[in-house]
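Here the structure comes first, spelled out in structure tokens, and everything after it is commentary.
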Amino acid sequence: MSKVLFVLTSHGELGDSGRPTGFHLGETAEPWRILRDAGHEVDLVSVRGGRPPVTGYDADCPAHTAFLADSEGGALLDSARTPEETDPGEYAAVYFVGGHGTMWDFRGNQAVESLARRVYEAGGIVAAVCHGPAALVDVRLSDGSHLVAGRNLTSFADAHERARGLDGVVPFLLQRALEERGAVHTHAPDRLPHVVVDGRLVTGQNPASARALGERLADLLGAGGAGGTAPVPPARFPSHPDRPRTPDPDPTRRHVP
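The opening residue of the sequence shown carries number 1 in full-length UniProt numbering; numbering runs sequentially from there.
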């Protein structure tokens, strides 16, 4: 089967707030499980190498505990290479995991951006969830165009950043930055899953989208596929602990793109 590369942030501080952040465990654990169950091989890299800081852990979530208990997963985290030490030619897909830390060390990182460009231009799949699309904002293809220009995608929404009081903490607003590069951005109501597939670009809005993103990525790796927006039911996924949680006024609501 195929090899997939997960890229994780190494940034552990939420700006000047004094609060921790890191890569989001849920956005890692669910796609990891789905892809491995489908027979794919998964590797991990972190921006600075070695075990990165983590956020989003839920001890009551089986996928989280299973990932942390997996000796292979733990070993890969401990021995994570840097993007510079990684050959993107080995991978059929690259997946940029979210977590607020990505807002500081994904965008503008030439080694991170090179992974996206080289995998995509070799015919591979580029995937990202929540704040992970920060890696894609400044990616230019060999013809000089931006990877996201004219592409349908999603990410953590600026309105939801403001709702958490973090719009003045993050170094830039992700949705705005993507749209400034020509992306066609859509999003669901807060905390509901939303996945967009545009050719070989697969994006998810938030932690609740990680499971569906993993499933779409596995489908594309297995058989190829056309783009579209995936209507998926809300999945139980914890919000980032560095974001105060507010209940959805209508928990039975379903988003249909």
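Cβ coordinates follow ideal geometry from the N, Cα and C atoms, glycine included. Just so it is clear, the structure is predicted and the values come from calculations on it, not from any experiment.
{"Asked": "Taking DSSP's pairing of strands, which residues face residue 96 in a bridge?", "Found": "7 and 128"}
{"Asked": "CA-CA distance, residue 84 and residue 111?", "Found": "6 Å"}
{"Asked": "Which one or two residues does DSSP pair with residue 23 in a beta bridge?", "Found": "54"}
{"Asked": "Considering only the beta carbon of each residue, do residue 129 and residue 2 sit closer than 7 Å?", "Found": "no"}
{"Asked": "Is the distance from the Cβ of residue 126 to the Cβ of residue 148 below 7 Å?", "Found": "no"}
{"Asked": "Taking the beta strand (DSSP E) that residue 202 falls in, what are its first and last residues?", "Found": "201 to 204"}
{"Asked": "Can you check DSSP and say which residues form a bridge with residue 43?", "Found": "5"}
{"Asked": "In angstroms, rounded to a whole number, what distance separates the CA positions of residue 133 and residue 96?", "Found": "7 Å"}
{"Asked": "Candidates 14, 68 and 82: which alpha carbon is nearest residue 26's?", "Found": "68"}
{"Asked": "Take residue 117 as the anchor and find which of 158, 80 and 92 has the nearest alpha-carbon.", "Found": "92"}
{"Asked": "Please state the DSSP three-state secondary structure of residue 227.", "Found": "Its pLDDT being 47, under 50, residue 227 is placed unreliably by the model, and the measurement read from it follows with that caveat. Note: residue 227 maps to coil in three-state DSSP."}
{"Asked": "Please report how far the alpha carbon of residue 142 lies from the alpha carbon of residue 62, in whole angstroms.", "Found": "42 Å"}
{"Asked": "Grab me the residues of residue 57's own chain with a C-beta within less than 7 Å of its C-beta, minus the 5 sequence neighbours each way, in chain order.", "Found": "25 and 64"}
{"Asked": "Where are the beta strand (DSSP E) runs, 3 residues long or more, that stay fully inside the stretch 121 to 186, in chain order?", "Found": "125 to 129"}
{"Asked": "Which of the three DSSP states is assigned to residue 198 in this structure?", "Found": "strand"}
{"Asked": "Just how far apart, CA to CA, sit residue 52 and residue 179?", "Found": "29 Å"}
{"Asked": "Within 10 angstroms of its Cβ, does residue 177 collect 16 or more other Cβ (buried), or is it exposed?", "Found": "buried"}
{"Asked": "Quick check: residue 99 and residue 23, are their CB atoms within less than 7 Å of each other?", "Found": "yes"}
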